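S.K.:
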Amino acid sequence: MAYEHYEPVIGLEVHVQLQTDAKIFSPDAAAFGAAPNTQVDPISLGHPGTLPVLNEKVVEYALRLGLATHCSIASRSVFARKHYFYPDLPKGYQISQYD
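Every letter in the sequence shown is one number past the one before it in this note's numbering, and letter 86, counting from 1, is 439.
1. State the Cα-Cα distance for the pair Ala415 and His358, rounded to the nearest angstrom.
2. In the DSSP output, which residue or residues are listed as bridge partners for Tyr446?
3. Give me the DSSP bridge partner(s) of Ala382.
4. Can you say whether Asn390 is buried or exposed, counting buried as having 16 or more other CB atoms within 10 angstroms of its CB?
5. Can you tell me whether Pro527 is helix, strand or coil according to DSSP?
6. Helix or strand or just coil, what does DSSP make of Tyr359?
7. Helix or strand or just coil, what does DSSP make of Ala421?
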């Protein structure tokens with residue numbers, strides 16, 4: 354088998370704590386160090402009939418970082434709702450960026 358036909362591709366998943374007043378998909382407060390279960394609302398709890406709303410400040414910070422690191426910025430971004438059945442994920446889903 355000839356390995357010269359393959360190109361190594363390395364992906365990084367980076368987690369950062371942004372200094373925003375609200376969470377990424379909910380207007381809940383995002384203050385570090387608050388008591389457990391005090392910064393929640395029906396959206397972050399995943400109650401039926403609630404829809405997430407993207408925090409514009411998070412998008413601004415992401416664009417700034419992308420520009421500062423000379424990345425290509427997509428003109429459109431899509432988020433997917435991934436369903437999981439894990440005991441530590443009571444909503445049963447997570448929102449992930451898709452493409």
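Ideal Cβ placement from N, Cα and C applies to all residues, glycine included.
All values reported here derive from a predicted model rather than from experimental measurement.
M.R.: With the structure as the only source:
1. Position 62 of the sequence shown, counting from 1, holds the residue named residue 415. Position 5 of the sequence shown, counting from 1, holds the residue named residue 358. Those two C-alpha atoms are separated by around 34 Å.
2. As a working mapping, residue 446 is identified with position 93 in the sequence shown. DSSP, once it has assigned bridges, lists His436 as partnering Tyr446.
3. Looking up residue 382 in the sequence shown gives position 29. Beta-bridge pairing by DSSP links Ala382 to Ala375.
4. Looking up residue 390 in the sequence shown gives position 37. By the neighbour-count rule (16 or more Cβ atoms within 10 Å), Asn390 is not buried but exposed.
5. Absent from the model: residue 527. The displayed extent of the chain is 354 to 452, so no value can be given.
6. Along the sequence shown, read from residue 1 onward, the residue named residue 359 stands at position 6. Coil.
7. Stepping through the sequence shown from its first residue, residue 421 is reached at position 68. It is helical.
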